[in-house]
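First up is the structure itself, then whatever we jot down about it.
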Amino acid sequence: MNEKVYEYISAFPKDVQDTLILLRQTILSVHPSITEGFSYQMPAYSSSKPLAYFAAYKKHIGFYPTASGIKTFEDDFISLGLNYSKGAVQFPIGTELPLQLIKKIVAFKLNEAN
307 MNEKVYEYIS AFPKDVQDTL ILLRQTILSV HPSITEGFSY QMPAYSSSKP LAYFAAYKKH
367 IGFYPTASGI KTFEDDFISL GLNYSKGAVQ FPIGTELPLQ LIKKIVAFKL NEAN
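Taking our numbering, I'd label the letters of the sequence shown as residues 307 to 420.
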């Protein structure tokens, strides 16, 4: 794990840490070319181009797959009742992450980058 990502995740309560670690693992599991870094004060994932970022807040985890990642999966966010904006989707703390959807978004971004 990237040292800054480790420090970032370690700063949160255990339950949030577990969710962030699961999110991290899910992103990295999509393809071996995905690399981990730290940008904009949050964990960042890229291949040949940026793919996604995430950040934890008091009531949610923000997932940032940029505008194209949001626009393409907008119907999924609506069907799951998730709050989203043009560049981010919010996963409420204490709820199960939509792991298959996260994988689909990252795979889409990876395909878009190549």
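All C-beta atoms in this analysis are idealised placements derived from N, C-alpha and C, irrespective of residue type, glycine included.
Here the structure is a predicted model, which is why all the values come from computation and not from measurement.
Asked, Found
"Within 10 angstroms of the Cβ of threonine 325, are there 16 or more other Cβ atoms? Answer buried if so, exposed if not.", "buried"
"Just how far apart, CA to CA, sit phenylalanine 379 and threonine 372?", "11 Å"
"Got a sec, what are the start and stop residues for the alpha helix (DSSP H) glycine 375 sits in?", "372 to 378"
"Check the C-beta distance from alanine 350 over to phenylalanine 369 and give it rounded, since I have them as a contact under 8 Å.", "With 8 Å as the limit, alanine 350 and phenylalanine 369 do not qualify as a contact, their Cβ atoms being about 12 Å apart."
"May I ask you to report which of helix, strand or coil DSSP gives phenylalanine 318?", "coil"
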